[in-house]
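Numbers 0 to 252, taken from numbering that gives the first Met the number 0, label the letters of the sequence shown in order.
Beta carbons: idealized from backbone N, C-alpha and C, even for Gly.
Because the structure is a prediction, the values reported are computed rather than measured.
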Amino acid sequence: MSGPAAAIATSPGRGRSHLLVPLAMWAVLLAICVWLWLSGMAGEILAYWDDITYLSVQHIELVAWAGGLAILTAVPVGILLSRPALRRFSEFVMQVFNLGSTIPTLAILALSMTWLGIGTLPSVFGLWAATLLPIVRNTYAGLRAVPPHLLEAARGMGMTPLQTLWRVELPNALFVIFGGIRTALAICVGSAPLAFLIGAGSLGELIFTGIALDELPMMLAGAIPTAILAVLTDFLVGRLQYYLVPRGINPLR
Numbered sequence: 000m001s002g003p004a005a006a007i008a009t010s011p012g013r014g015r016s017h018l019l020v021p022l023a024m025w026a027v028l029l030a031i032c033v034w035l036w037l038s039g040m041a042g043e044i045l046a047y048w049d050d051i052t053y054l055s056v057q058h059i060e061l062v063a064w065a066g067g068l069a070i071l072t073a074v075p076v077g078i079l080l081s082r083p084a085l086r087r088f089s090e091f092v093m094q095v096f097n098l099g100s101t102i103p104t105l106a107i108l109a110l111s112m113t114w115l116g117i118g119t120l121p122s123v124f125g126l127w128a129a130t131l132l133p134i135v136r137n138t139y140a141g142l143r144a145v146p147p148h149l150l151e152a153a154r155g156m157g158m159t160p161l162q163t164l165w166r167v168e169l170p171n172a173l174f175v176i177f178g179g180i181r182t183a184l185a186i187c188v189g190s191a192p193l194a195f196l197i198g199a200g201s202l203g204e205l206i207f208t209g210i211a212l213d214e215l216p217m218m219l220a221g222a223i224p225t226a227i228l229a230v231l232t233d234f235l236v237g238r239l240q241y242y243l244v245p246r247g248i249n250p251l252r
């Protein structure tokens, strides 16, 4: 990589910062759990354990569908936009995808409900739309940041454009692409509770019902697992990023 992206990726202490952020999140969650235990509220929250486990599975399914479809859509689009023939249209297309981030997620879900009815389908569509931009932009930026001399060397070796993309560009851009995926999935996990408002199952059922009934333990029974799922998702994708990105171009190894 070259330019600002390379400066960020290779800056001193970047590897340590990637470890410190999830550790800080886990420390905050641990502190909250200790406070709940000492205050006696932990027992009230655990009374909803069956609901927590059932709704967590539905929450994960929503995120898996929406996040998986977003990856399958956004990575190819980012690759296409990075090609010389389509590069001049890249910013215009980015602004189209940006609609999913600038419009509030609840509004996207409401619009999805008007087209697709209520339930899981509009929820997956709305979360998918809200998740696309980070992956598209990071894929495009990562591929554009591949050093030109590597591309010249690949062409000099007789590689076709497809071989150059697969063997040179994608491995060098993979770290940045994973960064977009981590951001997108965190957004997806945090936005998924809103799907309850249009008839899909998620931990939002506990959160919004607790708010409506002024029941703090019920609200926390949905909010705390959502936070844990977000941190756990980021951690697992971070481990994939650590092991799948080649050692020579991975600033964390």
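C-beta contact flag for residue i and residue j at 8 angstroms
{"i": "residue 107", "j": "residue 128", "result": "yes"}
{"i": "residue 179", "j": "residue 138", "result": "yes"}
{"i": "residue 173", "j": "residue 244", "result": "yes"}
{"i": "residue 130", "j": "residue 69", "result": "yes"}
{"i": "residue 76", "j": "residue 135", "result": "yes"}
{"i": "residue 204", "j": "residue 54", "result": "yes"}
{"i": "residue 248", "j": "residue 170", "result": "yes"}
{"i": "residue 181", "j": "residue 237", "result": "yes"}
Through-space distance from residue j to residue i, alpha-carbon basis
{"i": "residue 219", "j": "residue 31", "result": "11 angstroms"}
{"i": "residue 215", "j": "residue 239", "result": "36 angstroms"}
{"i": "residue 229", "j": "residue 206", "result": "16 angstroms"}
{"i": "residue 152", "j": "residue 161", "result": "15 angstroms"}
{"i": "residue 154", "j": "residue 163", "result": "8 angstroms"}
{"i": "residue 28", "j": "residue 168", "result": "39 angstroms"}
{"i": "residue 217", "j": "residue 22", "result": "26 angstroms"}
{"i": "residue 235", "j": "residue 198", "result": "29 angstroms"}
{"i": "residue 122", "j": "residue 200", "result": "9 angstroms"}
{"i": "residue 186", "j": "residue 58", "result": "13 angstroms"}
{"i": "residue 50", "j": "residue 34", "result": "22 angstroms"}
{"i": "residue 39", "j": "residue 102", "result": "40 angstroms"}
{"i": "residue 47", "j": "residue 86", "result": "52 angstroms"}
{"i": "residue 10", "j": "residue 144", "result": "Any reading at residue 10 must be qualified, since the residue scores a pLDDT of 41, below 50, and its modelled position is unreliable; no value is offered."}
{"i": "residue 251", "j": "residue 63", "result": "26 angstroms"}
{"i": "residue 83", "j": "residue 140", "result": "14 angstroms"}
{"i": "residue 246", "j": "residue 166", "result": "15 angstroms"}
{"i": "residue 52", "j": "residue 148", "result": "52 angstroms"}
{"i": "residue 212", "j": "residue 91", "result": "45 angstroms"}
{"i": "residue 41", "j": "residue 113", "result": "39 angstroms"}
{"i": "residue 150", "j": "residue 156", "result": "10 angstroms"}
{"i": "residue 93", "j": "residue 227", "result": "31 angstroms"}
{"i": "residue 208", "j": "residue 109", "result": "19 angstroms"}
{"i": "residue 210", "j": "residue 36", "result": "21 angstroms"}
{"i": "residue 241", "j": "residue 177", "result": "10 angstroms"}
{"i": "residue 100", "j": "residue 26", "result": "29 angstroms"}
Cβ separation of residue i and residue j, assumed to be a contact under 8 angstroms, to the nearest whole Å
{"i": "residue 104", "j": "residue 196", "result": "So it is not a contact: roughly 10 angstroms between Cβ atoms."}
{"i": "residue 78", "j": "residue 142", "result": "7 angstroms"}
{"i": "residue 222", "j": "residue 126", "result": "18 angstroms between Cβ atoms; not a contact."}
{"i": "residue 133", "j": "residue 183", "result": "4 angstroms"}
{"i": "residue 225", "j": "residue 189", "result": "7 angstroms"}
{"i": "residue 80", "j": "residue 89", "result": "4 angstroms"}
{"i": "residue 111", "j": "residue 96", "result": "Not a contact, Cβ separation roughly 16 angstroms."}
Residue range of the alpha helix (DSSP H) that includes residue i
{"i": "residue 249", "result": "Looking at the DSSP string, residue 249 is not in any alpha helix (DSSP H), and its letter there is neither H nor E."}
{"i": "residue 213", "result": "Element bounds for residue 213: n/a, residue is neither H nor E."}
{"i": "residue 133", "result": "119 to 143"}
{"i": "residue 147", "result": "147 to 155"}
{"i": "residue 106", "result": "104 to 115"}
Self-check item: Entirely enclosed beta strand (DSSP E) segments - the stretch 157 to 205, minimum 3 residues
Solution: none
Quiz item: Which runs of the beta strand (DSSP E), 3 residues or longer, sit entirely within the stretch 25 to 57?
Solution: none
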